[in-house]
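The block underneath contains the structure these notes are about, expressed in structure tokens.
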Amino acid sequence: MDVLITYDIADTEGAGGVRLRRIADVCEKYGQRVQFSVFECRLSATRLARMIGEVADVIDHERDSVIVYRFSGKIDDATLRLGRTHGRKLGQPWLL
Numbered sequence: 178m179d180v181l182i183t184y185d186i187a188d189t190e191g192a193g194g195v196r197l198r199r200i201a202d203v204c205e206k207y208g209q210r211v212q213f214s215v216f217e218c219r220l221s222a223t224r225l226a227r228m229i230g231e232v233a234d235v236i237d238h239e240r241d242s243v244i245v246y247r248f249s250g251k252i253d254d255a256t257l258r259l260g261r262t263h264g265r266k267l268g269q270p271w272l273l
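Residue numbers (my numbering): 178 to 273.
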């Protein structure tokens, strides 16, 4: 399933900065960054549940915000990109 993960960490200093780096690390493990706090992911239901659990363990539930958008089809079918885009589409292989 394709999902879009967005997050807003309340502050970027001290503990907030640590949470910001940790949430980015979790999201990068599961998907592709498309903007500073936005990630596209293609995940099984099991991996999505695992990622949500990891995210929930990182955030301050009183101050931070994370939104997970689930798409019934491919995320590209519901996406219009304007301006600079990222280098590859979700699911495309890396060429090294």
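Idealized CB from N, CA, C, for every residue including glycine.
As the structure is a computational prediction, the values presented were derived from the model and not from experiment.
Exposure of residue i, with buried meaning 16 or more beta-carbon neighbours within 10 Å
| i | result |
| --- | --- |
| L273 | Residue placement at L273 is flagged as unreliable, the pLDDT there being 45, under the threshold of 50; a coordinate-derived value is accordingly withheld. |
| R196 | buried |
N- and C-terminal bounds of the beta strand (DSSP E) containing residue i
| i | result |
| --- | --- |
| T183 | 179-185 |
| R247 | 242-248 |
Length of the line joining the Cα atoms of residue i and residue j
| i | j | result |
| --- | --- | --- |
| E239 | A187 | 9 Å |
| V215 | V245 | 10 Å |
| G191 | I200 | 15 Å |
| M178 | S249 | 7 Å |
| I252 | T183 | 14 Å |
| M228 | G260 | 29 Å |
| R198 | I236 | 11 Å |
| T189 | G230 | 22 Å |
| G277 | D202 | This structure leaves residue 277 out entirely; the chain is present only between 178 and 273. |
Bridge partner(s) assigned by DSSP for residue i
| i | result |
| --- | --- |
| C204 | Paired residue(s): none; C204 is not in a bridge. |
| V211 | Note: V211 sits in no beta bridge, so no partner. |
| R219 | D179 |
Segment limits, alpha helix (DSSP H) that includes residue i
| i | result |
| --- | --- |
| E190 | Careful: E190 lies outside any alpha helix (DSSP H) and carries neither H nor E. |
| E231 | 222-235 |
Check whether the region 201-210 and the region 224-231 touch, using three or more Cβ-Cβ pairs below 8 Å as the test. yes
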